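The sequence shown begins at 1007 in our numbering and counts up by one. Virtual Cβ for every residue (Gly too), placed ideally from N, Cα, C. Please read all numbers here as calculations on a predicted model, not as lab measurements. Following: one structure in structure tokens, then a few remarks.
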Amino acid sequence: MKHVVVGTAGHIDHGKTSLVKALTGTDTDRLPEEKARGITIDLGFAFLEEPGGATIEIVDVPGHERFVKNMLAGVGGIDLVMLVIAADEGVMPQTREHLAICSLLRIKSGLVALTKTDLADPDWIELVRDDVRSLLAPTFLGGCPIVPVSVKTGTGLEELRAALAELARSVPAKSTDQTPRLPIDRVFTVRGFGTVVTGTLTAGVLSVDDRLEVYPRGVGSKVRGLQVHGRAVERASAGQRTAVNLQAVERAAVERGDVVAPPGGLLPTILADATLELLEDAPRPLKRRDRVRFHVGTREVMARVLLVDREQLEPGQVSYGRFRLEAPIVALPGDRFVIRSYSPIITIGGGTLLDIAPPRFKRKAPALLPHLTLLEKGDPARVVEEHLKQAGPAGARAADLRARTPFGPERLRELLDELVKTGAIVAVDREWYLHREANDRLRAQTLGLLEAFHAENPLRGGISREELRSRAGNAHERVFTQLLTSLEAEGVVRSEKDQVRLVSHIIRLTPEQQRVVSGLDVEFARAGAAPPSPEEALAKLGVKGTERHELFQLLVAERRLVRVKESLYFHAEALGVVQAKLVAYLQQKKEIGPGDMKDLLGITRKYAIPLMEYFDTQRITVRQGERRVLRGA
Ligand SMILES: Nc1nc2c(ncn2[C@@H]2O[C@H](COP(=O)(O)OP(=O)(O)O)[C@@H](O)[C@H]2O)c(=O)[nH]1
Ligand SMILES: [Mg+2]
């Protein structure tokens, strides 16, 4: 079943609300103040059911210039516009402003209802019709149907209904491969149900029980119930005006302008890069740092404009702009926005969002212009690649890319697969990607670091993995793991325990170094359970040094020598013998004290106590007072 949203537009008192009522039977002026003053202040909603099963939903907007802000919140999600122009008055300021807004928001098509024809004579109506035609000619409504109507006499209502139905048929079906999102245009409470928000579901599908988040506040919730024009439904899909009953959300925690979408699906931002066009009839040029009202979705925020390639933008010109927003917006690249001047409050321009998480370019950096041009005009794969290029060595998750590109999840997956296939990007895993250049840079840097390390430490087997990672620009853990895994698979690098080395690195000793290493080995092996200190052992071989001496450490790294405590090392074989004796003793005697230990091994306290502590830490023994027993015995 097809759903099409039609928005009214046009100057105040031209008969929009009366026309919606005549078409649908619904009086959309529901606020008491609207009733009292006879004007529309806020958005109103009504719907028309077509015999063919299609539903046309109508958003009735206020025409008063003071309420254009509300009008903007209503027309964001519409498919068609019904521009209402009173035959007796003709084109008026908000006729033009609303038309400009619809053009800026890239509404695709619509029609004109020439209302109040009972108040004008046929010649005059023809004049107005010609005037309207020429006004519309250069716009998206050029050549659209212009239907004369009167709600007083009922003339033209059937023709208008038929023309709307005809246009509705031509509205293309919406893609459901998009993160669902609903920019909120109304919030209210329903007794017994709690908070309800409404809006036009811009994309995707929402179902009862779906988990949601209210952006940008980060309030978590769930779809407790859904309604589509007054009826409870299990799911709502893109293009439908939808009411969502939010579970466990206070009325005060949500307002117009917020967006509901799945948790983690969107990225609030206070900085956005965009195309920017200034309307032909804007009263003055837009200058850098001008303060404007920025409208996107149903949100209005204040913003400063920064121009990318010029000091000021003349009326009718198109360029790129960066917006510093005074409160976060929640939108996707590809979304259209409108800007209005701070004072007087009139619509002056708009554009398309290109980047909602701009890289840290200086605004004047020469690289920014080609970057934005690519985001605007590049083909989708290049756009995704560009984002990854900007992400640098950290890479980006598919979920982040989804919130930063105009592509739906399936489309994005295809694009990522294609880029991996062509080698432009590297998959860290199925959820995480890195640009090829960043990958190559990290690879070269890591290999360079390993080479330098080996050159400086020829006698060390390798560098600690953590130290290497932190020196390699503190590469992300998963990115680094993937790099080491592929270097290992290529046979370039070897990791052992937490040490990494180049496969090509071989420890080469001079004959003199070899003499010392062998000498230490023999010395400690012979000393058994009563070894010398490192200094003594080295001195005996004619070398001055402590346990930190590189030749001494070589034996430690090779696990020939085992550190029992500071400056106390045992030969691995000697320690094995000690352990065997100790275990045999304990199996027989059940427990051992320091004195027994001294006797068992023929050593002094100096060795006995550290050894007993060592076997505790090795989980061979357990301490009980001054005595030890076998662990688990
Ligand atoms: N004579 C006549 N009056 C109309 C017609 N349509 C609306 N009006 C009157 O015009 C005034 C403004 O109408 P309204 O629908 O509130 O205009 P809106 O501000 O565009 O929504 C009201 O007093 C209506 O009764 C029409 O076709 N003929
Ligand atoms: Mg009205």
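Which one of the options has the shortest CA to CA distance from residue i?
{"i": "alanine 1433", "options": "Ser1115, Leu1489, Pro1038 and Gly1148", "result": "Leu1489"}
{"i": "serine 1573", "options": "Pro1616, His1070 and Lys1596", "result": "Pro1616"}
{"i": "isoleucine 1626", "options": "Ala1639, Val1239 and Glu1632", "result": "Ala1639"}
{"i": "aspartate 1504", "options": "Thr1487, Arg1297, Lys1571 and Ala1119", "result": "Thr1487"}
{"i": "histidine 1377", "options": "Glu1332, Asp1085, Gly1327 and Ala1409", "result": "Gly1327"}
{"i": "glutamate 1502", "options": "Arg1417, Asp1435, Glu1164 and Glu1564", "result": "Glu1564"}
{"i": "glycine 1021", "options": "Leu1037, Leu1120 and Gly1013", "result": "Leu1120"}
{"i": "lysine 1596", "options": "Arg1637, Lys1612, Gly1270 and Glu1165", "result": "Arg1637"}
{"i": "leucine 1166", "options": "Pro1269, Val1506, Val1118 and Asp1435", "result": "Val1118"}
{"i": "tryptophan 1438", "options": "Asp1127, Ala1309 and Ala1397", "result": "Ala1397"}
{"i": "valine 1311", "options": "Gly1303, Arg1257 and Val1344", "result": "Val1344"}
{"i": "alanine 1079", "options": "Ala1143, Arg1410 and Phe1051", "result": "Phe1051"}
{"i": "leucine 1170", "options": "Gly1013, Gly1608 and Asp1622", "result": "Gly1013"}
{"i": "glycine 1096", "options": "Asp1066, Pro1154, Glu1040 and Ala1309", "result": "Pro1154"}
{"i": "isoleucine 1352", "options": "Gly1031, Met1077, Lys1041 and Arg1634", "result": "Met1077"}
{"i": "alanine 1015", "options": "Ala1533, Arg1230, Met1088 and Gly1200", "result": "Met1088"}
{"i": "arginine 1330", "options": "Ile1276, Pro1289 and Ser1349", "result": "Ile1276"}
{"i": "threonine 1281", "options": "Arg1342, Val1239 and Ser1227", "result": "Arg1342"}
{"i": "arginine 1257", "options": "Gly1245, Met1618 and Gly1200", "result": "Gly1200"}
{"i": "leucine 1163", "options": "Lys1075, Gln1323, Asp1279 and Thr1030", "result": "Thr1030"}
{"i": "valine 1234", "options": "Ile1064, Pro1321, Glu1103 and Ile1598", "result": "Ile1064"}
{"i": "leucine 1212", "options": "Val1583, Gly1231, Leu1561 and Leu1105", "result": "Gly1231"}
{"i": "glutamate 1547", "options": "Ala1533, Phe1558, His1555 and Val1522", "result": "Reading the sequence as shown, one finds leucine at residue 1547 and not glutamate. It is Val1522 whose Cα lies nearest to the Cα of leucine 1547."}
{"i": "isoleucine 1062", "options": "Lys1122, Arg1247, Val1138 and Pro1144", "result": "Arg1247"}
{"i": "isoleucine 1107", "options": "Leu1292, His1301, Gly1226 and Val1225", "result": "His1301"}
Per the DSSP calculation, residue i is bridged to which residue(s)?
{"i": "tyrosine 1221", "result": "Val1265"}
{"i": "glutamine 1184", "result": "Answer is none; glutamine 1184 lacks a bridge partner."}
{"i": "valine 1196", "result": "Gly1200"}
{"i": "histidine 1377", "result": "None; histidine 1377 has no bridge partner."}
{"i": "phenylalanine 1051", "result": "Val1065"}
{"i": "valine 1229", "result": "Leu1252"}
{"i": "alanine 1309", "result": "Val1298 and Leu1331"}
{"i": "alanine 1238", "result": "Gln1233"}
{"i": "tyrosine 1326", "result": "Thr1281"}
{"i": "proline 1189", "result": "Val1265"}
{"i": "isoleucine 1345", "result": "Phe1300 and Gly1355"}
{"i": "glutamate 1597", "result": "Val1635"}
Within 10 angstroms of its Cβ, does residue i collect 16 or more other Cβ (buried), or is it exposed?
{"i": "isoleucine 1113", "result": "buried"}
{"i": "asparagine 1480", "result": "exposed"}
{"i": "aspartate 1136", "result": "exposed"}
{"i": "serine 1243", "result": "buried"}
{"i": "leucine 1133", "result": "exposed"}
{"i": "valine 1423", "result": "Correcting the residue type first, residue 1423 is aspartate in the shown sequence and not valine. Flag for aspartate 1423 reads exposed."}
{"i": "glutamine 1520", "result": "exposed"}
{"i": "threonine 1610", "result": "exposed"}
{"i": "isoleucine 1512", "result": "exposed"}
{"i": "alanine 1254", "result": "exposed"}
{"i": "phenylalanine 1194", "result": "exposed"}
{"i": "glutamine 1594", "result": "exposed"}
{"i": "glycine 1205", "result": "buried"}
{"i": "aspartate 1279", "result": "buried"}
{"i": "valine 1324", "result": "exposed"}
{"i": "proline 1372", "result": "exposed"}
{"i": "alanine 1337", "result": "buried"}
{"i": "arginine 1175", "result": "exposed"}
{"i": "serine 1524", "result": "exposed"}
{"i": "tyrosine 1348", "result": "exposed"}
{"i": "valine 1196", "result": "exposed"}
Whole-angstrom Cβ separation of residue i and residue j, contact assumed at under 8 Å?
{"i": "proline 983", "j": "leucine 1359", "result": "Examination of residue 983 is not possible in this model, given that the chain is present from 1007 through 1639 alone."}
{"i": "proline 1538", "j": "glutamate 1553", "result": "About 12 Å; that fails the 8 Å criterion."}
{"i": "glycine 1271", "j": "threonine 1185", "result": "4 Å"}
{"i": "leucine 1456", "j": "valine 1509", "result": "Leucine 1456 to valine 1509, Cβ: 10 Å. No contact."}
{"i": "leucine 1252", "j": "leucine 1207", "result": "Rounded, the Cβ-Cβ distance is 14 Å, inconsistent with contact."}
{"i": "alanine 1093", "j": "leucine 1142", "result": "With a Cβ gap of about 16 Å, alanine 1093 and leucine 1142 do not count as contacting."}
{"i": "leucine 1025", "j": "serine 1115", "result": "With a Cβ gap of about 18 Å, leucine 1025 and serine 1115 do not count as contacting."}
{"i": "valine 1485", "j": "leucine 1440", "result": "6 Å"}
{"i": "methionine 1603", "j": "alanine 1614", "result": "4 Å"}
Alpha helix (DSSP H) runs wholly inside the segment 1429-1489, at least 4 long, in chain order: 1442-1462 and 1471-1477
Uninterrupted beta strand (DSSP E) stretches inside the segment 1078-1147 (no shorter than 3 residues): 1086-1092 and 1115-1121
Beta strand (DSSP E) runs contained entirely in the segment 1490-1545, provided each spans 3 or more residues: 1499-1502 and 1505-1508
Contiguous beta strand (DSSP E) assignments of at least 3 residues, all confined to the segment 1541-1576: 1567-1571
Ordered list of beta strand (DSSP E) runs contained in the segment 1275-1301, each at least 3 residues: 1275-1284
Segments of 4+ residues assigned as alpha helix (DSSP H) that fall wholly inside the segment 1383-1417: 1386-1397 and 1404-1410
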